[in-house]
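Protein chains: 2
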Amino acid sequence: MTQTSRELRSTVSEDGTLRLNLERVDIPDPGQGQLLVRVEAAPINPSDLGLLLGPADMDSLHAEGSPDDPVLTARISPKALPGLRARLGKSMPVGNEGAGTVIKAGPDLQDLVGKRVAMIGGAMYADLRLITPDACIVLPDDATPDEGASLFVNPLTALGFVETMRAEGHSAIVHAPAASNLGQMLVRICKDDGIGLVNIVRSQKQVDLLKGIGATHVVDSSADDFFDRLCDAIDRTGATLAFDAIGGGEMTGTILNAMEAVALRKMDDYDRYGSATMKQAYIYGALDTGPTILKRGFGFQWSIGGWLLFHALKRIDPAVVKKMHERVAAEMRTTFASHYTARISLADALKPENVVAYQRKSTGSKYLIVPTEG
Amino acid sequence: MTQTSRELRSTVSEDGTLRLNLERVDIPDPGQGQLLVRVEAAPINPSDLGLLLGPADMDSLHAEGSPDDPVLTARISPKALPGLRARLGKSMPVGNEGAGTVIKAGPDLQDLVGKRVAMIGGAMYADLRLITPDACIVLPDDATPDEGASLFVNPLTALGFVETMRAEGHSAIVHAPAASNLGQMLVRICKDDGIGLVNIVRSQKQVDLLKGIGATHVVDSSADDFFDRLCDAIDRTGATLAFDAIGGGEMTGTILNAMEAVALRKMDDYDRYGSATMKQAYIYGALDTGPTILKRGFGFQWSIGGWLLFHALKRIDPAVVKKMHERVAAEMRTTFASHYTARISLADALKPENVVAYQRKSTGSKYLIVPTEG
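Residue numbers (my numbering), protein chains in the order written: chain A, 1301 to 1674; chain B, 1301 to 1674.
Here is the structure:
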């Protein structure tokens, strides 16, 4: 037996057109070791947008098709096409994570039918998802789809920062921008685990938000004395490691310059090559895809690199990863709670006005796709 | 007994004035384990300029003093002073390396009197240098001061690149700008050792120069098809590691983008996060102290960091460092030969017109201080 599922698909054609549509696909019954899940909620994370929209021109969004079979198109600059070579002409399913209810299961997994699960693995912007249990967390019976939707990407990223800190011999962390769902998780983790954390936010409102959930060091980058206050917070925590989701602009370099300024304060002898303190920054997102500008006042002991959850997880001991999963499930409603500002159907996700809104990636704004709506 | 030596000293005062002068200092006779060397040649390397000139304004150079006791002053922006805190008011000797003749020695080192040596350790812009043998290479009897002057910084940096390559699991190197004395050494090392090397130069003349000494892959950054040719050379060598002496501008990012473009060509499946190929660039100089601009089209598997010879040597097995020294001595006139475009006295080094010229750090231009002149 098969069942029909709508899957949100993204296709880039050789002529430079991005096309989003809802593909009807036949999903077979689950076999041995498989679950069939009705997707009930899937967040639009910044990490989904690359596959979903690519480098499409937001001024060229154009709605086509019918209410029942909506299509969205947009133009992509010819310059960007070589980087997309491997996906040209391919209809790509989208959506890293989500939550839903197991409606059918293989003969060995019948006890899971009716359970609600959180899932990771792609193709979550869909009515149905065939999946294996190792990519799921089974939720408590009273868990809602909203509560289960974002239990992989942000929670494991925040926990992954702490593991990277330990593995690389640092003792405290700088995070920017820190008022996001992920940033709030990191505040709670560091508070519980006694880890120094410097939170860089972009407004007084966000300072108040993070102080309200127990953050100690919150620095507002819009304030005149931002750099001095950043130095003070770095001095107090001893942070020599930063995670930056913005990437573009000067923030990454500014953090390294602040770390170096603090290290120089403590040196008795002048060294023309700067401090001997190793300063590491990771760019883990690309909220600003513009150029990273490094005004290098931070000596020679520094490193900036990319940080990607899927790569980081491979470097972590599997036993530690298992503990991370258990902690996420246990603290689903506290440490790892997410908040959504909009709930949209699969068809709504193809409306130009919604695309413009969710691709903005504003801190505090978070869209949830609810396939069972509409 | 003591002897008088002139030492070129650099002092930054709290009011933001840089002052260079020739300090008369009394040097004691060498004790047990010490050599007294008459300095005969010392190069002005880019790595000397930070201590020598700091961030002084080149438009404010002002000659003072007398022919016998010359003084040079310049202004330093108040903004730059906090970074110089640890050197304010201190008279700093300058000059990383040089060559000279042993004129006196401790009782245990009498056999070295009359020998010519290459030296590392600072304070080389001087008439005399008291030093220990571990900071020296004893040269053949017919070696000239010019031949011995630059046997530490550039040779060990070039050899250090190869050791870093091996330690970090890369198999070929991109170097920019590659026509320098150091670049030419690296060409000869990589040719002899069978290591792939992509040389980035800035003119056709430099292409011809490097091809003339046996380079295989030389790419001219002033050519219209630079990026395509850089990709081709990276593809042929398999280089995933770059050393960049410029630092400012877009070159570091351009190299990483070329490495990523080559890696993407070889991928069958699209990955929204870019290739899984780790791309590493090190900024080892700061020929351009302006901002580093990274146009991040190189996915998430990348790292950029500072690279400093003195830190790198500490990470290398001492037995390997010893072999590096032996190789430098053995190949002094071939692999590690340097060329100088100007020879100046200690007093000449304080003349504004010379300062303006040697701080330009143009590729192919190299100043040698000869304390025995003038």
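Don't be surprised by glycine CBs; every beta carbon is placed ideally from N, CA and C.
Starting from residue i, follow the alpha helix (DSSP H) in both directions and report where the run begins and ends.
| i | result |
| --- | --- |
| Thr1457 (chain A) | Val1453 to Ala1467 |
| Pro1618 (chain B) | Pro1618 to Ala1630 |
| Met1551 (chain B) | Met1551 to Arg1565 |
| Leu1361 (chain A) | Note, Leu1361 (chain A): premise wrong, no alpha helix (DSSP H); not H, not E. |
| Pro1445 (chain B) | Pro1445 to Ala1449 |
| Lys1390 (chain B) | Taken as a continuous stretch (DSSP letters only), Lys1390 (chain B) belongs to no alpha helix (DSSP H), as it is neither H nor E. |
| Leu1486 (chain B) | Asn1481 to Asp1493 |
| Phe1526 (chain B) | Phe1526 to Thr1537 |
Distance, Cα to Cα, residue i vs residue j?
| i | j | result |
| --- | --- | --- |
| Ile1431 (chain B) | Glu1307 (chain B) | 15 Å |
| Tyr1640 (chain B) | Asn1454 (chain B) | 14 Å |
| Gln1410 (chain A) | Ala1435 (chain A) | 17 Å |
| Val1519 (chain B) | Leu1587 (chain B) | 19 Å |
| Gly1590 (chain A) | Tyr1667 (chain A) | 24 Å |
| Pro1378 (chain B) | Thr1554 (chain A) | 19 Å |
| Glu1560 (chain A) | Val1498 (chain A) | 15 Å |
| Gly1494 (chain A) | Asn1345 (chain B) | 47 Å |
| Ile1604 (chain B) | Leu1351 (chain A) | 26 Å |
| Leu1650 (chain B) | Leu1412 (chain B) | 33 Å |
| Val1670 (chain A) | Pro1343 (chain A) | 9 Å |
| Met1358 (chain B) | Val1501 (chain A) | 39 Å |
| His1625 (chain B) | Ala1449 (chain B) | 14 Å |
| Asp1528 (chain B) | Leu1381 (chain A) | 16 Å |
| Pro1445 (chain B) | Ala1458 (chain B) | 21 Å |
| Phe1610 (chain A) | Leu1609 (chain B) | 34 Å |
| Gly1316 (chain A) | Thr1311 (chain B) | 60 Å |
State buried or exposed for residue i, treating a residue as buried only when at least 16 other CB atoms are found within 10 Å of its CB.
| i | result |
| --- | --- |
| His1470 (chain B) | buried |
| Arg1633 (chain B) | exposed |
| Gln1601 (chain B) | buried |
| Asp1348 (chain A) | buried |
| Thr1304 (chain A) | exposed |
| Ile1513 (chain A) | exposed |
| Gly1548 (chain A) | buried |
| Lys1415 (chain A) | buried |
| His1362 (chain A) | exposed |
| Arg1572 (chain B) | buried |
| Thr1537 (chain B) | buried |
Is there a Cβ from chain B that is less than 7 Å from the Cβ of residue i?
| i | result |
| --- | --- |
| Phe1600 (chain A) | yes |
| Gly1606 (chain A) | yes |
| Ala1386 (chain A) | yes |
| Leu1456 (chain A) | no |
| Tyr1425 (chain A) | no |
| Arg1572 (chain A) | yes |
| Gly1350 (chain A) | yes |
| Met1686 (chain A) | Residue 1686 (chain A) is absent from the structure shown; chain A starts at 1301 and stops at 1674. |
| Pro1591 (chain A) | yes |
| Leu1594 (chain A) | yes |
Could you have a look at residue i and say whether DSSP puts it in helix, strand or coil?
| i | result |
| --- | --- |
| Arg1660 (chain B) | coil |
| Asp1427 (chain B) | coil |
| His1470 (chain A) | coil |
| Ser1347 (chain A) | helix |
| Gln1410 (chain A) | helix |
| Ala1515 (chain A) | coil |
| His1611 (chain B) | helix |
| Leu1439 (chain B) | coil |
| Met1301 (chain A) | coil |
| Pro1671 (chain B) | coil |
| Arg1319 (chain B) | strand |
| Gln1506 (chain A) | helix |
| Ile1604 (chain B) | strand |
| Leu1336 (chain A) | strand |
| Ala1380 (chain B) | helix |
| Pro1355 (chain A) | coil |
Counting only beta-carbon atoms, is residue i nearer than 7 Å to chain A?
| i | result |
| --- | --- |
| Pro1477 (chain B) | no |
| Thr1311 (chain B) | no |
| Ser1645 (chain B) | no |
| Ser1603 (chain B) | yes |
Which residues mark the beginning and the end of the beta strand (DSSP E) in which residue i is found?
| i | result |
| --- | --- |
| Met1419 (chain B) | Arg1416 to Ile1420 |
| Phe1543 (chain B) | Leu1541 to Asp1544 |
| Lys1404 (chain B) | Glu1397 to Ala1405 |
| Tyr1570 (chain A) | No beta strand (DSSP E) contains Tyr1570 (chain A), which DSSP labels as neither H nor E. |
Could you list which residues in chain C have their beta carbon closer than 9 Å to that of residue i, in chain order?
| i | result |
| --- | --- |
| Ser1522 (chain B) | Chain labels in this structure do not include chain C; the protein chains are A and B. |
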